[in-house]
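Asks: Whatever position you read off the sequence shown (first residue = 1), add 3 for this note's numbering.
A virtual CB, placed ideally from N, CA and C, is assigned to each residue, including glycine.
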Amino acid sequence: MVWIEFVTPSGDVRRVEASEGESLMQAAVRHQVEGIEAACGGSMSCGTCHAWISEPWSAALPQPEEGERSILDFGVHIRPQSRLTCQIQVSAALDGARIEVPPSQS
Ligand code: FES
Numbered sequence: 004m005v006w007i008e009f010v011t012p013s014g015d016v017r018r019v020e021a022s023e024g025e026s027l028m029q030a031a032v033r034h035q036v037e038g039i040e041a042a043c044g045g046s047m048s049c050g051t052c053h054a055w056i057s058e059p060w061s062a063a064l065p066q067p068e069e070g071e072r073s074i075l076d077f078g079v080h081i082r083p084q085s086r087l088t089c090q091i092q093v094s095a096a097l098d099g100a101r102i103e104v105p106p107s108q109s
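1) Can you tell me which residues form a DSSP beta bridge with residue 53?
2) Closer than 7 Å to a non-hydrogen atom of ligand 1 - does that hold for the CB of residue 78?
3) Is it the case that the CB of residue 48 approaches a heavy atom of ligand 1 more closely than 7 Å?
4) Just to confirm my understanding: we take residue 105, look at its own chain, exclude 5 residues before and 5 after, and list those with CB closer than 6 Å. What are they?
5) Are there 16 or more other CB atoms within 10 angstroms of the CB of residue 103, so buried, or fewer, so exposed?
6) Examine ligand 1 and report whether any of its heavy atoms sits within less than 7 Å of the Cβ of residue 4.
7) Tell me whether residue 42 counts as near ligand 1, meaning its Cβ is closer than 7 Å to at least one heavy atom of that ligand.
8) Which word fits residue 86, buried or exposed, when buried means at least 16 other C-beta atoms lie within 10 angstroms of its C-beta?
9) Alpha carbon to alpha carbon, how far is residue 42 from residue 57? Give it in angstroms, no decimals.
10) How is the alpha helix (DSSP H) around residue 69 delimited, first residue to last?
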């Protein structure tokens, strides 16, 4: 199991267990993390799974592909560490990662 820490738009810190191979979005939805709506179910068309991945975990991730970048281009509260959590696969390298959900998703 991999432990992920989500900081919700309300400022609550939720430490949740995630399984290797699932997406960060799936882990967040399973644990009902506030602000990760994931309206499209992970088909990369809604942007409601947007979150900021803290360093050093953000820099260690593969760069977003063109489709993910296109969705983020239309988002709000976009930062360099913005990602669609449906596109990030959980691995042991993410253990302890801190993920912040933007206030626009409260
Ligand atoms: S869940 Fe819709 S873009 Fe990620």
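Replies: On the basis of the coordinates in this document:
1) Locating residue 53 in the sequence shown gives position 50, counting from the first residue. Partner(s): 87.
2) Here residue 78 refers to the residue found at position 75 of the sequence shown. For residue 78, the CB stays at least 7 Å from every heavy atom of ligand 1.
3) As a first step, residue 48 must be located in the sequence shown, where it is residue number 45. Yes, the beta carbon of residue 48 sits closer than 7 Å to at least one heavy atom of ligand 1.
4) Within the sequence shown, residue 105 is the residue found at index 102, counting from 1. Excluding residues within five positions, the ones whose Cβ falls inside 6 Å are 80.
5) Taking the sequence shown and counting its residues from 1, the one referred to as residue 103 is at position 100. Counting every other CB atom within 10 Å of its CB across the protein chains shown gives residue 103 a total of 16 or more, marking it as buried.
6) The sequence position of residue 4 within the sequence shown is 1, counting from 1. Residue side-chain check: residue 4 keeps its Cβ at 7 Å or more from all non-hydrogen atoms of ligand 1.
7) Counting from 1 along the sequence shown, the entry for residue 42 is found at position 39. Yes, since a heavy atom of ligand 1 falls inside the 7 Å radius drawn around the Cβ of residue 42.
8) Position 83 of the sequence shown holds residue 86. Buried, by the Cβ-count rule.
9) As a working mapping, residue 57 is identified with position 54 in the sequence shown. As a working mapping, residue 42 is identified with position 39 in the sequence shown. Spanning the alpha carbons of residue 57 and residue 42 requires a straight line of approximately 23 Å.
10) For the purposes of this step, residue 69 is taken as the residue at position 66 of the sequence shown. Run containing residue 69: 69 to 76, per the alpha helix (DSSP H) assignment.
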